[in-house]
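Trainee: One structure, as structure tokens, below. Some questions next.
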Amino acid sequence: MQTIFIMVKCDLGRAYDVADLAVQSVAEVSEVHSVSGQYDLMMKCFLEDGEDIGHFVTGQIQTLDGVKDTFTIITFKAFT
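Dropping the structure here:
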């Protein structure tokens, strides 16, 4: 499994709608947090090894109603 974080900028007033939609309709989304700053949401996603990250982000996240912009962070190692 590979873990990615996606920062999401939403249309004005749509952050809660986008968060609910992502959790309900995208199986790879495990958590959605509201954040302060340039972006409105941070999504934690688990993808199968070898799954195309670009296709996932553009096809599953950027197409959610209310998403305006995204910034993807690819992780390498989790420390516990």
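Okay, so the sequence shown: first residue is 7 according to the working numbering, each after it adds one.
Heads up, the beta-carbon is just placed ideally off N, CA and C, and yes, glycines get one too.
1. Determine the DSSP secondary structure at Phe52, reduced to helix, strand or coil.
2. Tell whether a beta-carbon distance below 9 Å holds between Val63 and Ile10.
3. By Cβ distance below 7 Å, which residues in the same chain neighbour Ser61 in space, the five residues on each side in sequence not counted?
4. If you drop the 5 nearest sequence neighbours on each side, which residues of the same chain put their C-beta closer than 7 Å to that of Cys16?
5. Leaving aside the five residues before and after Leu70 along the sequence, list all residues of the same chain whose C-beta is less than 7 Å from its C-beta, in chain order.
6. Considering Cα atoms alone, identify which of Ser36, Ser40 and Met7 is closest to Gly19.
7. Among residues of its own chain, excluding the 5 on either side of Gln8, which ones have a beta-carbon nearer than 8 Å to its beta-carbon?
8. Please classify Ala21 as buried or exposed, where buried requires at least 16 other C-beta atoms within 10 Å of its C-beta.
Mentor: So, from the data block:
1. strand
2. yes
3. This sequence places His at residue 61; Ser is not what is there. Within the same chain, His61 has no close Cβ partners at all.
4. Taken in chain order, the residues that qualify are Val24, Asp46, Leu47, Gly72, Val73 and Lys74.
5. Val24, Leu27 and Ala28, listed in sequence order.
6. Ser40
7. Phe52, Leu53, Glu54, Asp55, Glu57, Ile59, Ile80 and Thr81
8. buried
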